[in-house]
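Chain order of the listed sequences is A and B. For the first sequence, our numbering puts the final residue at 53, and the numbers step up evenly by one. For the second sequence, our numbering puts the final residue at 277, and the numbers step up evenly by one. Below is one structure, written out as C-alpha cells, with a few remarks after it.
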Amino acid sequence: APFQKDLYNFFIKS
Amino acid sequence: LEARLEQANLLKKVVDAIKDLVQDCNFDCNDSGIALQAMDNSHVALVSMMLKSESFSPFRCDRNIALGINLTSLQKVLRCANSEDILTLKAEDAPDVVNLVFESADSDRLSEYDIKLMDIDQEHLGIPETEYAANISMPSAEFQKICRDLMALSESVAIECTKEGVKFSCNGDIGSGSVTLRSHTNVDKPENNVEIDLTEPVALTFSLKYLVNFCKASGLSGQVKLCLSNEVPLLVEYGLASNSYLRFYLAPKIGD
C-alpha cells in the first residue's frame, strides 16, 4: 500500500 | 472583539464539521476577521478557516487576540442557539472568556454564554501559494457520496484527473470500484455543475477516512472545490459568503 506522508513534508513551520 | 454574525448556524456548522479532526484551537482575531488553522493529531490533515470581517456586521477588533477554545465546549454552547438566531461574539483585551450572545430575530429572547479560554501553544504551518494542476468544482453532496461509497470497499482512493474527466477509484479486499465525472453545466441548477480546469494530468492517492471527515462540511456549501497537483497535499475548499471559507488540506499517500 502507498505510504502516508505527513504535512511536514510539504508545509513549513512558521 | 465584537463580531455579530447574522446566522449563529454558520459557526455551528463549521464547528460540527471540524471538531472530530481538531480539538483545541486558537481563533485568531484581527481587523481582517477570524481565522483558525489547526492540524489533526497525526499531522496528515489540516483545517484552515477564514471568516472575513465582511461576513460579520458589525465587526470590530481593536487589537489582535488569539482565543484558545475547546471545540467540544464551543459546540455545546452553539447547540443552545436556535437555528435562526443571530450570534454576537465578544472578548476583551487579554481575555479569560469569550462571550456569546444569541438573539432571536423575531422575539425578544436573548441568551448569553461565556466559554473559558485556554492557552494553546499551536504550531502554525506556512502554506505556499500553489498554482494547482487541476481545479475541480463539483456538488458537495456528490463528493460526499463518492467518498462514503468508496470507503465501503477500501481505505484509500486514487483521484486521477485528465482531460477526459476526474476518476475516483479504489481497490479493496472485496473488489474494486470507480466513479468518473466529466465537466457538466446545468443552467437551471448551477449547484449541480461539475467544472474541471486542468493544466496537466494529475494522479494522487488519499486516505478516505479523512476525506469522509472533511465532507461533514457539505452542509456549508452546495459546491466543493478540489485542488490537486502531483505530490502535494490536496486542498478541499468549501466557500462561504463574503469570500470566507473552510479549507482542508490532506497529505497524499506516495509510493509503495
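Positions of the beta carbon are idealized from the N, C-alpha and C atoms, including for glycine.
- Between Ser53 of chain A and Leu67 of chain B, the gap from beta carbon to beta carbon reaches 8 Å or more.
- Within the stretch 114-202 of chain B, the runs of alpha helix (DSSP H) that reach at least 4 residues and sit entirely inside it are, in chain order, 161-172.
- For the pair of segments examined, the stretch 218-228 of chain B was found to touch the stretch 181-189 of chain B: the number of CB pairs separated by less than 8 Å reaches three.
- Comparing alpha-carbon positions, the option among B:Ile141, B:Ala154, B:Lys111 and B:Asp117 lying closest to Glu133 of chain B turns out to be B:Lys111.
- With contacts defined as CB atoms closer than 8 Å, Pro160 of chain B and Glu216 of chain B fail to qualify as a contacting pair.
- In the DSSP assignment, Thr226 of chain B falls within the beta strand (DSSP E) that extends over Val223 to Ser228.
- Bounds of the alpha helix (DSSP H) holding Val36 of chain B are Ala29 to Ile39.
- For the options B:Ile55, B:Leu92 and B:Ala24, the alpha carbon positioned closest to that of Tyr266 of chain B is the one of B:Ile55.
- Residue state for Asn234 of chain B is assigned as helix, using DSSP reduced to three classes.
- With a 10 Å radius around the Cβ and a threshold of 16 neighbouring Cβ atoms, Glu124 of chain B comes out buried.
- Straight-line measurement puts the Cα of Leu261 of chain B at about 24 Å from the Cα of Ser250 of chain B.
- One Cα belongs to Val200 of chain B, the other to Gly89 of chain B, and the distance between them is close to 41 Å.
- Taking a cut-off of 8 Å for Cβ pairs, the stretch 98-111 of chain B and the stretch 41-50 of chain A do not touch, as fewer than three such pairs fall below it.
- Against chain A, the beta carbon of Ile148 of chain B has neighbours under 8 Å at Phe50, listed in chain order.
- For Gly260 of chain B, the beta-bridge partners assigned by DSSP are B:Tyr266.
- Under the criterion of beta carbons closer than 8 Å, Gln58 of chain B and Ser76 of chain B do not qualify as touching, at roughly 17 Å.
- By the C-beta density criterion, Arg268 of chain B is buried, having at least 16 other C-beta atoms within 10 angstroms.
- Residues are counted here when their Cβ sits less than 9 Å from a Cβ of chain A; for the stretch 232-262 of chain B these are Glu252, Val253 and Pro254, given in chain order.
- In the three-state DSSP reduction, Leu22 of chain B falls in the coil class, being neither helix nor strand.
- The straight-line gap separating the alpha-carbon atoms of Asn214 of chain B and Gln244 of chain B is approximately 8 Å.
- From the listed residues B:Asp194, B:Ala126, B:Asp127 and B:Thr109, the smallest Cα separation to Val119 of chain B is found for B:Thr109.
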